[in-house]
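In what follows, a single structure is set out as structure tokens and then discussed.
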Amino acid sequence: MDVNELFWQASIHDIKKGYNDETTHFTCLLCGEKIEKGIIYPYEGVLYEAEKFMQHHITAAHLSVFHYLNGLNKKMTGLTDHQSHILRLFYEGKSDQEIKEELEIGSATTIRHHRFTLKEKERQAKTFLAMMELLKEQDQKEDSFVPIHKTATMVDDRYNITISEEQQLLEKYFPDGIGKELVRFPKREKHKIVILRAITKLFDETKQYSEKELNEMIQPIYEDYVQIRRYLIEYGFMDRQEDGSAYWIKK
1 MDVNELFWQA SIHDIKKGYN DETTHFTCLL CGEKIEKGII YPYEGVLYEA EKFMQHHITA
61 AHLSVFHYLN GLNKKMTGLT DHQSHILRLF YEGKSDQEIK EELEIGSATT IRHHRFTLKE
121 KERQAKTFLA MMELLKEQDQ KEDSFVPIHK TATMVDDRYN ITISEEQQLL EKYFPDGIGK
181 ELVRFPKREK HKIVILRAIT KLFDETKQYS EKELNEMIQP IYEDYVQIRR YLIEYGFMDR
241 QEDGSAYWIK K
């Protein structure tokens with residue numbers, strides 16, 4: 001299971017921690033990093049047991065779970081850029097007066113209004129989550145939707161696709177199996193997402209690829225490997241150095 005699926009299937013409790021507890025290891029829900037249990041990890045003169053080292057990893061790699069979540073696409077958080085900025089300042093312990101001065105807006109009363117609005121969104125979110133849990137319990141036959149990758153550059157109806165629909169499309173476009181030759185690259189946005197998601201899973205999440213290595217992996221799948229490479233970047237599945245010297249899976 002990839003890190004996006006792990007993230008969306010995790011409980012709120014585990015998302016708040018930033019990792020989940022599996023039989024042999026802890027897995028970071030933010031980037032997929034795995035820390036094996038039963039090992040002592042030395043770092044800068046300090047010894048960490050596995051769970052403490054995972055907590056250290058989250059701080060070192062992501063600053064905090066809050067900062068990571070707050071930096072997600074606004075379609076993921078439901079917050080405007082302005083609300084995300086104010087929420088971060090609240091998290092950092094800034095007073096209403098300090099926030100007013102930093103943002104150069106209105107008065108402290110305006111900041112209190114933002115606090116009230118965010119609290120209202122919290123209440124709405126709790127109600128909505130409760131209703132969705134009840135809905136799942138009522139309809140156990142519900143076909144799950146394909147998880148949206150957290151680094152998606154645009155979230156809209158193109159992600160409105162179920163797991164069963166995805167499987168049908170993969171069989172259509174990869175009749176000989178994923179990783180074999182692609183029949184054609186689709187024009188429909190929804191179909192593109194399915195194909196790009198499948199191709200992404202062929203890469204090692206922990207590795208950086210040169211452009212030559214990336215091309216060599218894509219070319220047997222589709223002759224226009226430059227188009228696939230461009231779409232992997234454009235749709236937020238991969239990232240690269242500005243000079244194109246290295247490519248990697250975005251997490």
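All letters in the sequence shown, in the order written, are residues 1 to 251 by UniProt numbering.
Just so it is clear, CB atoms sit at the ideal spot from N, CA and C, and this is done for glycine as well.
Computed from a prediction, not measured in an experiment: that's the story for all the values here.
When DSSP states are grouped into helix, strand and coil, Asp224 belongs to the coil group. In its chain, beyond the 5 residues on either side, Ile218, Tyr222 have a beta carbon closer than 6 Å to the beta carbon of Ile228. In this structure, DSSP gives Met238 an extended state, which the three-state scheme calls strand. The residue from Phe185, Val226, Leu182, Trp248 with its alpha-carbon nearest to that of Asp204 is Trp248. Sixteen is the threshold: when 16 or more other Cβ atoms of the shown chains lie within 10 Å of the Cβ of His62, as they do, the residue is buried. For secondary structure counted as the beta strand (DSSP E) over 3 or more consecutive residues, the segment 175-230 holds no complete run. Bounds of the beta strand (DSSP E) holding Leu47 are 46-48. Cβ contact annotation for Ile99 (same chain, cutoff 8 Å, sequence separation greater than five): Ile86, Leu89, Phe90, Ile111, in chain order. In terms of Cα proximity to Lys119, the closest of Pro147, His191, Leu79 is Leu79.
For His149, the secondary structure class from DSSP, reduced to helix, strand or coil, is coil. The C-alpha of Arg188 is placed about 15 Å away from the C-alpha of Met154. Below 8 Å, too few C-beta pairs join the segment 20-28 and the segment 236-245 to call them touching: fewer than three.
A Cβ-Cβ separation of about 19 Å leaves His191 out of contact with Asn4 under the 8 Å criterion.
Under the criterion of beta carbons closer than 8 Å, Ile161 and Phe185 do not qualify as touching, at roughly 17 Å. When secondary structure is reduced to three states using DSSP, Thr27 falls in the strand class. Each residue's CA atom was taken as its position, placing Ile233 and Ile12 some 30 Å apart.
Here the alpha carbon of His82 sits roughly 30 Å from the alpha carbon of Glu133. Residues of the same chain with a CB within less than 7 Å of the CB of Gly236, apart from the 5 flanking positions on each side, are His149, Thr151, Ala152, Thr153, Lys250 in chain order. The C-alpha of Leu182 is placed about 31 Å away from the C-alpha of Leu29. Glu33 counts as buried, since at least 16 other C-beta atoms from the protein chains shown sit within 10 angstroms of its C-beta. Here the C-alpha atom of Ala130 lies approximately 11 Å from the C-alpha atom of Arg123.
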